Each structure stands twice: as C-alpha cells, then as structure tokens.
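Q: Mind looking over this structure? Questions follow.
In our numbering, the protein residues as written are 4 to 104.
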C-alpha cells in the first residue's frame with residue numbers, strides 16, 4: 004500500500020498490495036508534509052520528517068471484508084513486532100519517500 008500525499012490530503016494507492024508500505028511525499032518538503040498531516044485525522048506527523056503515523060482505519064479503506072481484515076491484522080502484527088505500531092492511536096509508522104530537501 005502506498006499512501007500518496009497531495010495538496011488535498013492523502014490517498015491510498017494500491018490498497019491490495021501488502022508487500023509495500025510507505026508514504027510518497029510527491030516532492031513536498033518536511034514542513035509541508037507535516038502541515039498536511041496535521042490537517043488530516045487519519046495521518047499524524049512524527050517528530051522526525053522520515054515517518055508518519057497512518058491510522059489503521061485509513062488503511063482499511065472502508066473495506067471490512069474478512070479478507071481485508073486478515074491482511075490488515077497481519078500488517079498490524081508485523082508492525083507490532085518491529086515496534087512500529089501505536090496501539091493507543093491504532094496507527095502504523097510509515098516511512099516517507101520522495102521528500103523534498
């Protein structure tokens with residue numbers, strides 16, 4: 004799953020591809036991306052510019068099917084094992100790519 008940043012917010016691209024997971028900043032600066040994340044309840048900025056917290060609800064993409072739930076649960080389990088899951092926020096830490104310098 005690729006979370007793409009744009010002027011209007013964030014979109015979930017390739018929602019069925021669970022082999023990749025990151026945020027594509029599309030050339031936004033760290034400040035622009037942080038501001039954009041602050042304005043969107045599903046995405047939360049992290050202190051460093053290289054990561055954002057992505058809500059599990061956003062990743063569900065409105066799909067509550069058993070198959071989607073199973074994939075999301077596996078993703079949460081993987082993130083939990085690595086320390087990339089915040090249970091209180093129900094969010095997964097995602098690496099940011101294509102960030103402008």
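All C-beta atoms in this analysis are idealised placements derived from N, C-alpha and C, irrespective of residue type, glycine included.
Being a predicted model, the structure only gives us computed values, none of them experimental.
(1) Within its chain, find whatever has a CB closer than 8 Å to the CB of residue 31; leave out the 5 residues flanking it on each side and keep chain order.
(2) Measuring CB to CB, does residue 99 end up less than 8 Å from residue 79?
(3) Please list, in chain order, all residues of the same chain as residue 84 whose beta carbon is under 8 Å from its beta carbon, the five residues on each side excluded.
(4) To the nearest whole angstrom, what separates the beta carbons of residue 92 and residue 47, a pair I think is in contact under 8 Å?
(5) Please confirm whether residue 57 and residue 6 have their CB atoms less than 8 Å apart.
A: In terms of the structure at hand:
(1) These residues qualify, in order along the chain: 8, 39, 102 and 103.
(2) No, the pair does not count as a contact, with Cβ atoms beyond the cut-off.
(3) Result list for residue 84: empty, nothing under 8 Å.
(4) So it is a contact: roughly 7 Å between Cβ atoms.
(5) In this structure, residue 6 lies closer than 8 Å to residue 57 by Cβ.
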